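Numbering that gives the first Met the number 0 numbers the first residue of the sequence shown as 0 and each following residue consecutively.
Heads up: the structure comes next, in structure tokens.
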Amino acid sequence: MALSSTLWLAAVLTYGVGDLVTTAVGLRHAQIEEGMPFARQLLGEPPSAWGVVRFGLFKIALFAVFYLGAVAMTRTAPGTRVDLLVPVAITVVGAAAVVNNVRVIRQVRGRRRRRRR
């Protein structure tokens with residue numbers, strides 16, 4: 000598999016799947032609210048299954064724009080490594096989002112356990 004393809008796969012797994020799944024899991028807790036206003040609007044108030052689908056569709060559209068933009072920039076500026084830079088940037092953002100989501104979920108679950116004792 001080419002390096003570019005591997006990086007795009009990492010971007011899809013972190014920003015696409017990882018952020019979507021950890022967001023959906025987090026929103027099952029009443030104490031957790033989506034922090035990004037636009038994403039919160041997509042997810043709905045209160046968040047719903049259809050909202051998670053809308054959020055996923057939005058992410059697919061973003062990926063299409065990022066990918067097409069990377070392809071266009073690579074064609075207009077041959078020799079640059081935009082084909083690598085774009086998926087790396089998306090992967091970094093996705094990994095940060097997943098880490099943040101997991102941290103928030105663990106905090107809420109930890110508070111619940113302490114209350115039960």
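Ideal Cβ positions, reconstructed from N, Cα and C, are used throughout, including at glycine.
Here the structure is a predicted model, which is why all the values come from computation and not from measurement.
Unbroken alpha helix (DSSP H) run spanning residue i, endpoints
i, result
"L2", "L2 to A10"
"I59", "A48 to T75"
"G25", "D18 to G25"
"A38", "P36 to L42"
Whole-angstrom C-beta distance between residue j and residue i, which should lie under 8 angstroms
i, j, result
"L6", "L61", "No, L6 and L61 are not in contact; Cβ-Cβ is about 16 angstroms, not under 8 angstroms."
Selected residue, minimal CA-CA separation from residue i, among the options
i, options, result
"L41", "A1, A96 and K58", "K58"
Open item on the list: Contact between the segment 31 to 50 and the segment 64 to 75 is defined here as three or more beta-carbon pairs at a separation below 8 angstroms; is this criterion met?
Closed with: The answer is no - the segment 64 to 75 does not touch the segment 31 to 50, with fewer than three Cβ pairs under 8 angstroms.
Open item on the list: With a threshold of 8 angstroms, are at least 3 pairs of Cβ atoms found where one atom belongs to the segment 85 to 94 and the other to the segment 6 to 18?
Closed with: Yes: at least three Cβ pairs fall under 8 angstroms.
- [ ] Report yes or no: do three or more beta-carbon pairs, one from the segment 22 to 33 and one from the segment 92 to 110, lie closer than 8 angstroms?
- [x] By the Cβ criterion, the segment 22 to 33 is in contact with the segment 92 to 110, since at least three pairs of Cβ atoms, one from each stretch, lie closer than 8 angstroms.
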